[in-house]
Amino acid sequence: MQGKVALEEHFAIPETAADSMGYFPGPVRNEVAERNADIHGRRLSLMDQYGIEMMLLSLNAPAVQGIPDKARAHEIARRANDYLAEQVVKRPDRFQGLAALAMQDPDLATRELERCVKELGFRGALVNGFSQLDGGDSIAYYDLPQYRPFWAMVERLDVPFYLHPRNPLPRDGRIYDGHPWLLGPIWAFGQETAVHALRLMASGLFDAHPRLQIILGHMGENLPYGMWRVDNSNAWIANRNKWPAKKPLGEYFSANFYLTTSGNFRTQALINAMLEIGADRIMFSTDWPFENIDHAANWFDTCAIGENDRLKIGRTNARRLFKLGNA
Ligand code: MN
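Per this note's numbering, the sequence shown starts with residue 3, numbered consecutively.
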């Protein structure tokens, strides 16, 4: 399929380049580092080759979220955003930007998002899970009350917020002790991000700000497979699930979330996601440079779905959500 839009696509700046390297064995590390540093070279030729018209670019992970010093986190976010804006200006027909934000300081994050959208023309934000604070030991999830003014700004600017994975801190990830292979994209990323998304749903955030739109990668971090049970576990026990939100969580999932295919190129999983959230709320992505553009495109271009759905998922949903025009 020609004209695809992809939106979980990363780059690194020198200050964050080392962050993503832990998952890649020696020889692959150089390959990933080169991919991460490139925007207009090999990346663009692969986009041409595999029918990707546009990438929305975001900083690698955990990057800003893993910097406990608020001022330093904000400085790296600004540096990355300014660099990204310079790259987008060179090829605005092929690249657009998603903001990195130092959520360690909700007020700074709010102002940086506003700057990125209004001054740099970015289309939204991508944040790598919880933020570390106070020397790195305390962490903040974005359902907490101090983030409500931030979310009000996201809603006011009418831009989507991509909740991207990171690993739990070692002290919170003891279930993985002795099994380091479970960390990262294999399992821990999805687990961590799905719980964060459920926290947002249950907190009442979407009652207060019903127009917010959150994007989850990797075909929804396993949530399409689990949302029914979240609302219906032990349904024979009256009033069992107590949360501040006013509705069953599946209703927020269907109204306030989009999913992407990043790193999860599996037709069975896509069809399950289409049955749960609908083809209007799924968007093509690859997760370059950590996954491969050819794997994503070769699968998506031929997977057994209807052509109207392929067009929506591959292109028009993203163009509508990010206001990229109707072409
Ligand atoms: Mn990613």
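No residue lacks a Cβ here, since even glycine has one placed at the ideal position from N, Cα and C.
Residue pairing by DSSP leaves F26 without any beta bridge partner. Excluding the 5 residues flanking it on each side, M57 has same chain C-beta neighbours closer than 6 Å at A8, E11, F97, in chain order.
Excluding its 5 nearest sequence neighbours in each direction, C305 has C-beta neighbours in its own chain below 6 Å: T269, listed in chain order.
In the structure shown, F324 adopts coil according to DSSP, grouped into three states. As for any beta strand (DSSP E) of minimum length 3 sitting wholly inside the stretch 129–156, the runs are 133–135, 140–142, ordered along the chain. Secondary structure note for K120: its alpha helix (DSSP H) is the uninterrupted segment 108–120.
With a 10 Å radius around the Cβ and a threshold of 16 neighbouring Cβ atoms, Q148 comes out exposed.
In the DSSP assignment, G308 falls outside any beta strand (DSSP E), carrying neither H nor E. Taking C-beta atoms as the reference points, Q67 and N169 fail to come closer than 7 Å.
Per DSSP, the continuous alpha helix (DSSP H) segment holding M221 begins and ends at 220–223.
In summary, W230 is exposed, with fewer than 16 beta-carbon neighbours lying within 10 Å of its beta-carbon over all protein chains present. The C-alpha of W189 is placed about 37 Å away from the C-alpha of K92. Restricting attention to T262, A196, S133, the CA atom closest to the CA of M285 is found in T262. According to the DSSP assignment, F13 belongs to no alpha helix (DSSP H) but to the beta strand (DSSP E) extending over 6–13.
Cβ neighbours of A104 within its own chain (closer than 6 Å, five residues either side excluded): V66, A75, H76, A79, L110, A111. In this structure the stretch 193–210 touches the stretch 126–141; the number of beta carbon pairs closer than 8 Å is three or more. Taking 6 Å as the cut-off, the C-beta of D174 does not count as close to any heavy atom of ligand 1. Contact between the stretch 41–50 and the stretch 14–27 is absent, with fewer than three C-beta pairs closer than 8 Å.
Here A154 is actually not in contact with D209; their C-beta atoms are around 13 Å apart, not less than 8 Å. Here the alpha carbons of L326 and M3 stand approximately 18 Å from one another. One thing to note: E278 has its Cβ no nearer than 7 Å to the Cβ of L214.
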